[in-house]
Every structure is written in C-alpha cells, then in structure tokens.
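In UniProt numbering, the protein residues as written are 1 to 271.
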C-alpha cells in the first residue's frame, strides 16, 4: 500500500531538469557537459539542460559531438534540453530565421526534447505581421524538439507585453511556447506574478530561481524554505510542464555538491 502511494505521488510530481550552469559555469567548461549530466542523474533529475555558451569550443557544437553528448545523457536515464543564447528576433525586431534553423539543427543532433532561444527584439517588442508569423511557424514545423523562447534579463526580450503581443498574434497551434524564467523578470523590472497570470497558457517550461540583491548586484539563488511568493508564482503556472533548476548548488562543510543537488531537486518538485 505504501509503495503504491509513493508511486502515485512520484507520478504526479513535475519533471525536474537541472540546468548545467547550476553546477558552475567553470566546471562545465572544464569537464564538459557529459560529466555533469551524470551528477544530474545522481541527484534524481529527469532531464539535463545543455548550454551552448558553456561549450569549450565550437567543435562541441558540431553534429557528431552533439550526438555523442546526447547518447551519454540518455545513458544516464535523462532527456535533454538544448539552450542557446541566440535570439529568435533581431535587435530591430525582425525574425532571425537562420538562428532558429541553427538551434533546431543542433537540438536535433543532440536529440533534445526542448530547444530554447531568447526572444530578443526591441523594447517595443517583435514583428508580428502575418508574413513574419508564417515564416516563424514554418521554421518551427521543421523541429522535432519543442521550440520555446525565454524571457531575458533585458527589457528587449524581457517584458510581459512583448510576449503577450506575440502569442496573441499567433494561432493557438503555432508550435511556439515559452520558457517562463521566474527570476529574470526582476532584472527587466517586470512583475513575475502578473507575468504568470497573463502568460501561463503559453508556458511549456519553467526556469526556477529566486533573486537576491538589487540593481546590478542581483544574483540567482535558491528559493527559501516556505517561500510563499515563489509557491504562489508556481501555482499560477501549468503544473504538468518541466521545471528547470537554474540557480547554483552550494556545497558546504556539512553537505556535498551531490547532496545539495539532490535536495534542490526534491524541493523544486515539492513546491
């Protein structure tokens, strides 16, 4: 009876992804993603987010290297997210179809379930004319991975209005979804709870982090135990989408890096 109850609880919990940078950018660049995918598996994660900006060289982004990395991630029982710092829209607000195609091709080589770009565009938003949206949807249709765009830390690509306008202009089955980063809204001076209420129907992936400090001294941190605001925010978002941990694990005198990673996976699953 107890085993059955535990199984039902586990089945209901959201899938948890560990973002590679949670182990430290320097460690990923030094050791490679595959080493730390093993650590993510030991922590009990379901997925592992590969970060293109943390590759040691451009050779790591070649198809053969990505395919090998994907095989190693799957060997640990994990599925992959592929994240690129490239923006879906250029600085003038126009669609960057080349960036989308490259991200899709690289994600395909990795055999990623999700491919994530930044939204980009201007502070006023992105192009939403019919021709642009047709080209966007045609590009997305070529992807075997789910295409998501993330709210960044700048107002260009980080405002609620920009995402609201884009999704309002797209048809319901456009193929595009959103990575909702719970912390980045603060850098862009946006209200995360307002963003969640307005954008929840379009969210396909959540990046979980709290924010400490102010202004240029802000940094990502683990949500505090019993953080009611963070819990309220997550409650506004779809509970069936994966949650990624994107704050640093912090080993200490009484806890190893592996132990803190496992603890944080359990905490984010329980929120």
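In this text, a Cβ means the ideal position worked out from N, Cα and C, and glycines have one as well.
Bear in mind the structure is a predicted one, so any value in this text is a computation, not a measurement.
Coil, strand or helix - residue i by DSSP
i           : result
residue 181 : strand
residue 165 : helix
residue 222 : coil
residue 119 : strand
residue 95  : strand
residue 229 : helix
residue 87  : strand
residue 241 : coil
residue 51  : strand
residue 203 : strand
residue 13  : coil
residue 7   : With a pLDDT of 39 at residue 7, under the threshold of 50, the predicted position of this residue should be treated as unreliable, and no value is reported.
residue 253 : coil
residue 176 : strand
residue 150 : strand
residue 281 : Past the edges of the chain, shown from 1 to 271, lies residue 281, and the structure says nothing about it.
Cutoff 8 Å; reference residue i; Cβ partners in own chain excluding five residues on either side
i           : result
residue 54  : 20, 21, 25, 28, 29 and 33
residue 158 : 119, 151, 152, 184, 185, 187, 188 and 190
residue 78  : 37, 40, 41, 45, 46, 47 and 48
residue 237 : 180, 196, 200, 203 and 206
residue 101 : 139 and 142
Distance CB(residue i)-CB(residue j) smaller than 9 Å
i           : j           : result
residue 222 : residue 173 : no
residue 140 : residue 93  : no
residue 260 : residue 250 : yes
residue 51  : residue 106 : no
residue 276 : residue 14  : With the chain covering 1 to 271 only, the question about residue 276 has no answer from this structure.
residue 112 : residue 61  : no
residue 169 : residue 232 : no
residue 117 : residue 147 : yes
residue 43  : residue 258 : yes
8 Å contact criterion, which residue i and residue j should meet: CB distance rounded
i           : j           : result
residue 204 : residue 162 : About 17 Å; that fails the 8 Å criterion.
residue 272 : residue 220 : Lying outside 1 to 271, the shown extent of the chain, residue 272 is not represented and no answer is given.
residue 66  : residue 95  : Rounded, the Cβ-Cβ distance is 24 Å, inconsistent with contact.
residue 104 : residue 63  : Contact flag wrong, Cβ pair sits at about 12 Å.
residue 17  : residue 81  : 6 Å
residue 166 : residue 211 : That belief does not hold up - the Cβ atoms of residue 166 and residue 211 are roughly 24 Å apart, past 8 Å.
residue 99  : residue 110 : Contact flag wrong, Cβ pair sits at about 17 Å.
Sequence-distant residues of its chain with Cβ nearer than 7 Å to residue i (five each side left out)
i          : result
residue 76 : 37, 38 and 41
Residues of its chain near residue i, where Cβ-Cβ distance is below 6 Å and the 5 sequence neighbours each way are ignored
i           : result
residue 234 : 271
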